[in-house]
Amino acid sequence: MSDLSTNIRVKKEAGVATISLNRPKANSYYKDFLELISQAVKEASADNAIKVILINSTSEKFFCAGADIKIFSSNTTEQNAEMVRAAREVSEAITSSSKIVIAAVSGHVLGGGLEMIMACDIRLASEGNYLIGLPEVKLGLMPGNGGTPRLIDLIGASRAMELLVTGHNISPQKAFDYGLFNQLYPADAFELSVTHYVKDLAQGAGQAMAAIKHYVQKHKGMNLQESLDYETTSVNALYDTHDAKEGFLAFVEKRIPKFN
Numbered sequence: 001m002s003d004l005s006t007n008i009r010v011k012k013e014a015g016v017a018t019i020s021l022n023r024p025k026a027n028s029y030y031k032d033f034l035e036l037i038s039q040a041v042k043e044a045s046a047d048n049a050i051k052v053i054l055i056n057s058t059s060e061k062f063f064c065a066g067a068d069i070k071i072f073s074s075n076t077t078e079q080n081a082e083m084v085r086a087a088r089e090v091s092e093a094i095t096s097s098s099k100i101v102i103a104a105v106s107g108h109v110l111g112g113g114l115e116m117i118m119a120c121d122i123r124l125a126s127e128g129n130y131l132i133g134l135p136e137v138k139l140g141l142m143p144g145n146g147g148t149p150r151l152i153d154l155i156g157a158s159r160a161m162e163l164l165v166t167g168h169n170i171s172p173q174k175a176f177d178y179g180l181f182n183q184l185y186p187a188d189a190f191e192l193s194v195t196h197y198v199k200d201l202a203q204g205a206g207q208a209m210a211a212i213k214h215y216v217q218k219h220k221g222m223n224l225q226e227s228l229d230y231e232t233t234s235v236n237a238l239y240d241t242h243d244a245k246e247g248f249l250a251f252v253e254k255r256i257p258k259f260n
């Protein structure tokens with residue numbers, strides 16, 4: 001294991017908290033590494049100056065290869081259950097955050113790494129020759145960190161079934177075509193494109209974005225009438241916020257709004 005303090009890098013600037021995975025060679029995870037990621041997400045989520053959390057990798061080849069199989073294979077059943085719990089807590093920290101969480105992917109993202117980015121609100125990707133997949137079935141397992149339901153939600157049951165039971169990997173282009181990635185940028189323009197995307201989002205109305213995120217998540221378990229009622233309740237709660245007042249005023253004054 002590498003020194004835990006070097007496993008991630010965190011930078012905060014202009015409303016964006018960037019959490020960079022930095023565990024050689026493949027950002028494969030173990031319990032302590034996962035807990036460090038959860039802590040970083042929670043701390044960024046509690047920072048009122050932050051609107052967007054960006055999760056990326058310092059590696060040119062890997063975003064995250066999932067669990068460290070050497071550690072996983074030598075663990076007891078109880079230790080592996082603890083690691084799965086820690087992985088799930090990363091996803092829960094991401095989904096429960098009021099901030100918009102974005103994954104920027106330009107290298108292999110497999111197993112638990114893919115589960116992590118599927119928990120994010122938006123996934124930006126680079127073109128390239130790297131692989132995306134959930135190979136757990138090849139180890140006699142299945143995803144255990146939300147990968148199964150999230151993959152079904154993102155790409156549909158038929159495609160999800162095929163990827164899950166075969167353990168096959170797909171290309172960035174196919175992942176984009178399936179709807180797994182929101183944007184796919186040329187490799188030579190990836191970093192700049194991500195910077196512009198995140199910067200623009202960080203200038204948006206944070207309270208409205210948080211309300212939208214919460215609605216999108218909660219909407220899944222509602223019938224149409226409940227969903228409509230909750231939408232009305234949500235927008236009514238925004239009318240008296242600083243951002244809404246600033247948005248209306250900026251529109252009238254024909255200027256760019258300055259949201260909190």
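Residue numbers for the sequence shown follow the numbering used here, so the first one is 1 and each next one is one higher.
Ideal Cβ placement from N, Cα and C applies to all residues, glycine included.
Just so you know, these numbers come straight off a predicted model, no measurement behind them.
What are the boundary residues of the alpha helix (DSSP H) that Ala88 is part of? Inspection of the sequence shows that residue 88 is occupied by Arg rather than by Ala. Element bounds for Arg88: Thr77 to Ser96.
Distance, Ala49 Cα to Val252 Cα: 27 angstroms
Assuming Lys99 contacts Ser45 (C-beta within less than 8 angstroms), just tell me the rounded distance between them. 6 angstroms
According to DSSP, which residues form a beta bridge with Lys11? Thr18
Continuous alpha helix (DSSP H) stretch holding Asn236: start and end: Leu224 to Leu238
Between which two residues does the alpha helix (DSSP H) holding Ala119 run? Gly112 to Ala119
Within 10 Å of its beta-carbon, does Ile8 have 16 or more other beta-carbons around it, so buried, or fewer, so exposed? buried
Do Val90 and Ile37 have their beta-carbon atoms positioned less than 7 angstroms apart in this structure? yes
Could you tell me the boundaries of the beta strand (DSSP E) in which Arg123 lies? Ile122 to Ser126
Distance, Cα to Cα, Ile155 vs Asn236? 33 angstroms
Whole-number beta carbon distance between Tyr185 and Ser126, since they are thought to touch under 8 angstroms: 6 angstroms
Whole-angstrom distance between Thr233 and Gly66, CA atom to CA atom: 39 angstroms
Residue nearest to Thr95 in terms of C-alpha spacing, selected from Ile117, Val165, Ala208 and Thr77: Ile117
Suppose contacts are defined by Cβ-Cβ distances below 7 angstroms. Is Gln207 in contact with Thr241 by that definition? yes
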